[in-house]
Amino acid sequence: MRLRFSRGVITIAAIVAVLAVGISVGLVHLLKRAEPLAVPEAYCAVRTSDGALDLDPEQAQIAATIAAVAARRRLPERAVVIAYATAIQESKMSNISYGDRDSVGVFQQRESQGWGSKKQIMDPVYATNRFFAALVKVKDYRKLPVADAAQAVQRSAGGYAYADHEAQARILAGAFTGRVPKAVHCWYPPGPKRTPAPRPRTEEARRQLARALGSTAITSEKRGWLIAAWSVAHAQKFSLTRVAYAGSAWSNEMEADRGWRAGGQAAGKQVELS
């Protein structure tokens, strides 16, 4: 059976189709001009041959700070792994202002136990220095299991739990010590459209880096990648949109696999920030 339509029905259908197309096109243009209703949150990603981890910017900044302090103290990567495992267990690598009794900070150190004042402990650079100062006093800490070395410093009620984070700590250590180049990518959302972007605070970033690392001179390629990783982790804090080193450049792009690209003028003796 063949269906037949009158000329009027066909005309109405054609008008409806044209209106639908027009409305769709209008909506597309309107959505393109409108500000997004939900802005994605800033994030960081770490990728090495040992595995991958996703971090929030605060966690990445603390991880970068720990690695910088270790480099300043000329400590081996093993010390960094122990510190990371401890920080993940104690605070999820966050600088928290609360804890068991008077425990605060990244390592949940206690003022009543002689770690320093609460204000000092809440400073990740200070807290990390105190952790490492205690760690190096542990006999043969480099040869001890990670959990045993961490427990010798922390004296926690559940010291066995540090071992659960060793694999994550190794991934972070490879990336933030600079041993694995281009392993850290971060992204943060740009400001609202029609609003001037904030100027990169490059000098302030370098001052803060120097506080953790001491000299910012690049004496090896590994140290250069440590500085580059630190800079990327702190990009949102200092409004950085580009970090370049050794022929590669990171830019503030959302896709993790597009964060570092070949190019840039920075040679092996300089990390460029902009």
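For what it's worth, my numbering labels the leading residue of the sequence shown as 44, then goes sequentially. For every residue, glycine included, the Cβ atom is placed at its ideal position computed from N, Cα and C. None of these values were measured; they are calculated from a predicted model.
Item: Three-state secondary structure (DSSP) of residue 173; Value: helix
Item: Neighbour-count burial assignment, residue 263, 16 or more Cβ in a 10 Å radius; Value: exposed
Item: Rounded separation between residue 146 and residue 111 - CA only; Value: 24 Å
Item: CB of residue 282 within 8 Å of CB of residue 235, strictly; Value: no
Item: Which of helix, strand or coil DSSP assigns to residue 203; Value: helix
Item: Contact under 8 Å by Cβ, residue 312 with residue 261; Value: yes
Item: Cβ shell of residue 284 (< 6 Å), same chain only, five flanking positions each side left out; Value: 295
Item: CB contact flag (residue 335, residue 275, <8 Å); Value: The displayed coordinates of the chain run from 44 to 317. Any statement about residue 335 would go beyond what the structure contains.
Item: DSSP bridge partner residues for residue 259 (one or two, in chain order); Value: Paired residues: none, contrary to the question.
Item: Inter-residue Cα distance where the pair is residue 152 and residue 187; Value: 22 Å
Item: Segments of 3+ residues assigned as beta strand (DSSP E) that fall wholly inside the region 93-131; Value: 94-98
Item: 7 Å CB neighbourhood of residue 205 in its chain, flanking five on each side removed; Value: 128, 129, 132, 189, 190, 193 and 194
Item: Inter-residue Cα distance where the pair is residue 148 and residue 243; Value: 28 Å
Item: Residue interval of the alpha helix (DSSP H) (run including residue 189); Value: 189-197
Item: Contiguous beta strand (DSSP E) assignments of at least 3 residues, all confined to the region 208-283; Value: 227-230
Item: Nearest-angstrom Cα separation, counted from residue 277 out to residue 215; Value: 16 Å
Item: Whole-Å CB distance - residue 170 paired with residue 94, under 8 Å assumed; Value: Not quite, the Cβ-Cβ distance comes to about 26 Å (not below 8 Å), so this is no contact.
Item: Identity of the residues DSSP links to residue 86 by a beta bridge; Value: 230
Item: Buried or exposed (CB count within 10 angstroms, at least 16 for buried), residue 305; Value: exposed
Item: Outcome for residue 136 when other beta-carbon atoms lying within 10 angstroms are tallied against a minimum of 16; Value: buried
Item: As assigned by DSSP and simplified to three states, the class of residue 168; Value: helix
Item: Under 8 Å between C-beta atoms of residue 212 and residue 89; Value: no
Item: Beta-carbon proximity of residue 221 to residue 267, cut-off 8 Å; Value: yes
Item: Nearest residue (CA-CA) to residue 258, options 86, 114 and 87; Value: 114
Item: Classification of residue 250 by the beta-carbon crowding that lies within 10 angstroms, buried from 16 upward; Value: exposed
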